[in-house]
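The structure appears below as structure tokens.
In UniProt numbering, the protein residues as written are 1 to 197.
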């Protein structure tokens, strides 16, 4: 088992993790943890809270490793659980004064209100379903580029397609999603956030 994670062999690593291979799990952790931590830090504005959720996230992944589907995007799966953990934190904060104070000290005054954040999460759920409706290759390219923040070059190598084909899939995916979002209240702004984050 190579110590360095190779995205081109992600399915192999996931299968090994499902079998309880700690080295494969460590390689996946080393690859994904900086990406997840960066996103958590942008949302939570607290290194401590981001680190806590990151630890919880990978503990859950290890405990539920048998449920992981190696045929689906692991990065999308990982970020979905991460989003749910943040959502749980916000819900808990509503009932916990000490946590509210901790969030406030971390710069929570810069955030959207919890209600706005929850509204956004509901719309993101709708958008996730819309992404699932895309043709398989287009959906995969969109997930890798926009959800996992992989570069066009990386996706090109991973999927063995040209950079121009990657770009073509992204353009068409964007057009599809814009068409689906037409008439859905609040979706236009959210779609722009997703497409250009």
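Quick reminder that beta carbons are idealized off the backbone N, C-alpha and C, glycines included. Note that the structure is predicted; figures quoted are calculated from it, not measured.
Inset, instruction - Quick one: give me the first and last residue of the alpha helix (DSSP H) that residue 33 is part of. - result: The residue labelled residue 33 in the question sits at position 33 within the chain shown. First-last of the alpha helix (DSSP H) with residue 33: 22–44.
Inset, instruction - Please classify residue 50: is it buried, with 16 or more other beta-carbons within 10 angstroms of its beta-carbon, or exposed? - result: Your numbering for residue 50 matches position 50 in the chain shown. Residue 50 is buried by the Cβ-count criterion.
Legend entry - Three-state secondary structure (DSSP) of residue 78: Residue mapping note: residue 78 aligns to position 78 of the chain shown, counting from 1. When DSSP states are grouped into helix, strand and coil, residue 78 belongs to the helix group.
Legend entry - Short Cβ contact (9 Å threshold) for residue 172 with residue 138: For the purposes of this step, residue 172 is identified with residue 172 of the chain shown, where counting begins at 1. For the purposes of this step, residue 138 is identified with residue 138 of the chain shown, where counting begins at 1. Here residue 172 is near residue 138, since their CB atoms are less than 9 Å apart.
Legend entry - Classification of residue 150 by the beta-carbon crowding that lies within 10 angstroms, buried from 16 upward: For the purposes of this step, residue 150 is taken as residue 150 along the chain shown, with counting starting at 1. Burial of residue 150 is indicated by the presence of at least 16 other C-beta atoms within 10 angstroms of its C-beta.
Inset, instruction - Could you pull out every residue in the same chain whose Cβ sits closer than 8 Å to the Cβ of residue 158, ignoring the five residues on either side in sequence? - result: Taking the chain shown and counting its residues from 1, one reaches residue 158 at position 158. Excluding positions up to five away in sequence, the list reads 7, 8, 144, 150.
Inset, instruction - State the start and end residues of the unbroken alpha helix (DSSP H) segment that holds residue 164. - result: Here the question's residue 164 lines up with position 164 in the chain shown. 163–181 is the extent of the alpha helix (DSSP H) around residue 164.
Inset, instruction - Closer than 8 Å by C-beta to residue 59: which residues in its own chain qualify, once you throw out the five before and the five after it? Chain order, please. - result: On the chain shown, position 59 is the one that residue 59 refers to. Cβ neighbours of residue 59 beyond the five flanking positions: none.
Legend entry - residue 164, buried or exposed, once every other Cβ within 10 Å from all chains shown has been counted against 16: The sequence position of residue 164 within the chain shown is 164, counting from 1. By the Cβ neighbour-count rule, residue 164 is exposed, with fewer than 16 other Cβ atoms within 10 Å of its own.
Inset, instruction - Report back the beta-carbon spacing between residue 27 and residue 4 to the nearest angstrom; my notes put them in contact at under 8 Å. - result: In the chain shown, counting from the first residue as 1, residue 27 sits at position 27. In the chain shown, counting from the first residue as 1, residue 4 sits at position 4. For residue 27 against residue 4, the beta-carbon gap comes to about 7 Å, under 8 Å, which counts as contact.
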